[in-house]
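**Q** Structure in structure tokens, see below.
Numbering (the numbering used here), first residue to last: 512 to 574.
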């Protein structure tokens, strides 16, 4: 019973944190002064965000 409960909790956490809009994105940070340029290795999209905070959405449709 405990195993089944743990499996259920793990499955629910995967559903919450595995967002389809970011599934293929692999962001790499290139640091500048205050902002960082983030480049997606998968599609080549670029955007600027604060240092250490990767984008929350994929921009592959916009690039």
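C-beta atoms are modelled at their ideal positions from N, C-alpha and C, and glycine is treated no differently.
To test your reading of the DSSP string, which unbroken beta strand (DSSP E) runs of 3 or more residues are found completely within the stretch 519-571?
**A** Counting only runs of 3 or more, we get 538-542, 546-551 and 557-561.
**Q** Determine the burial state of residue 544: buried for a count of at least 16 other Cβ atoms within 10 Å of its Cβ, exposed for fewer.
**A** Under this definition residue 544 is an exposed residue.
**Q** Can you give me the Cβ contacts of residue 515 inside the same chain, cut-off strictly under 6 Å, excluding the 5 residues immediately before and after it?
**A** None.
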